[in-house]
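Residues 6 to 283 (my numbering) make up the sequence shown, in order. Positions of the beta carbon are idealized from the N, C-alpha and C atoms, including for glycine. In what follows, a structure is listed as structure tokens, so that the remarks can point back to it.
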Amino acid sequence: MRHLLFLRFAGLLVLALLMGSTTRSPAVKERDFGAYFAAYGLRGSFLVLDAATRQFMAYDVARCRQGFLPASTFKIPNTLIGLETGVVRDTAEVFRWDGVTRSFPQWNRDMSFAQALRVSCVPCYQQLARRVGAERYQQWLPRLRFGSMRVTPASVDTFWLTGPSRITQFEQIDFLQRLQRGKLPVARRTQDLTKNMLILSRGPGWVLRGKTGWTMQQGHDNGWFVGWVEQNGKAYFFALNAEPADGKPATAQFVQGRRAITEQILQREFGLLAGPAK
């Protein structure tokens, strides 16, 4: 009996190994997009996925696999969690300004949830985070599989900006694909509302959705722009991560460059975003 069980186990093991040997990881083609970054005084990495062909194209693939703090790209899963848990009723709910004047003047007012995402209002999302609480985050974050997030009661309103939380560009795109397809473990309404909030521009036959991010720690700035383009029935996902090439504090080139570099690459290298935006 033991002999038969051993043979059966051995057979299953061999089958698993054979299946594993024929499973291919997604193809990654390396491209040199360095000139786009240099034009804005930045260094970084860029990743694009053509969803139809499953072809990844990467500038500095090793860096694309490096984890960084998600910064305000975490507002995407945070929006999903806020809506799904009911701590925010809908996109029209108003976040009240706390009266503290901050260096980003667009934050110094009352605003709707949709507006808070549009202007990347950190204080608004910190209000949301305190309502959600560490315990619910610890339940929801593993379900959403958004990188490697670490939250405690002490860090509940900062864990995406400081500390050990990390996400790679490959992980950003994996998450965005599941959102775009409606495959996240939250209600369809929650996903649809979030996707609508992410629309940045549209043109003839195309729609651009995305979110920027920016961390500032001890004089070191790091920035994101992640999202996807739907054009003529096809989807293309992107994730940019960048920082000032000279290591100095961020300038207007950094702030504007994240999205500008992305749009230039998508337009010139992939023929996307064709036609005037509105």
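{"Asked": "CB residue 48 to CB residue 274, shorter than 9 Å?", "Found": "no"}
{"Asked": "Please state if the CB of residue 76 and the CB of residue 218 are separated by a distance shorter than 9 Å.", "Found": "yes"}
{"Asked": "At a cut-off of 8 Å, would you count residue 86 as near the ligand ATP, judging by its Cβ distance to the nearest heavy atom?", "Found": "This structure lacks the ligand ATP, and indeed carries no ligand of any kind."}
{"Asked": "What is the DSSP secondary structure of residue 108, counted as helix, strand or coil?", "Found": "coil"}
{"Asked": "Within this structure, are the beta carbons of residue 211 and residue 279 separated by less than 9 Å?", "Found": "yes"}
{"Asked": "Could you give the distance in angstroms between the alpha-carbon of residue 100 and the alpha-carbon of residue 37?", "Found": "43 Å"}
{"Asked": "Quick one: what does DSSP say residue 52 is sitting in, helix, strand or coil?", "Found": "strand"}
{"Asked": "Any idea if residue 107 is buried or exposed, counting beta-carbon neighbours within 10 angstroms, 16 or more meaning buried?", "Found": "exposed"}
{"Asked": "In this structure, how does DSSP classify residue 202 when only helix, strand and coil are distinguished?", "Found": "helix"}
{"Asked": "Can you tell me whether residue 34 is buried or exposed, with buried defined as 16 or more other CB within 10 angstroms of its CB?", "Found": "exposed"}
{"Asked": "Count the other CB atoms, across all protein chains shown, that sit within 10 Å of the CB of residue 81; report buried if there are 16 or more and exposed otherwise.", "Found": "buried"}
{"Asked": "Taking C-beta to C-beta, are residue 50 and residue 246 nearer than 9 Å?", "Found": "yes"}
{"Asked": "Where do the N-terminal and C-terminal ends of the alpha helix (DSSP H) with residue 118 fall, by residue?", "Found": "118–123"}
{"Asked": "Can you grab the Cα-Cα spacing for the pair residue 71 / residue 94, in whole Å?", "Found": "36 Å"}
{"Asked": "Is the distance from the Cβ of residue 130 to the Cβ of residue 83 below 9 Å?", "Found": "yes"}
{"Asked": "Mind checking which residues open and close the beta strand (DSSP E) that includes residue 267?", "Found": "Note, residue 267: premise wrong, no beta strand (DSSP E); alpha helix (DSSP H) at 257–275."}
{"Asked": "Pull up the distance between the alpha-carbon of residue 236 and that of residue 271, whole angstroms please.", "Found": "11 Å"}
{"Asked": "Give me the residue from 174, 137, 173 with the minimum Cα distance to residue 156.", "Found": "137"}
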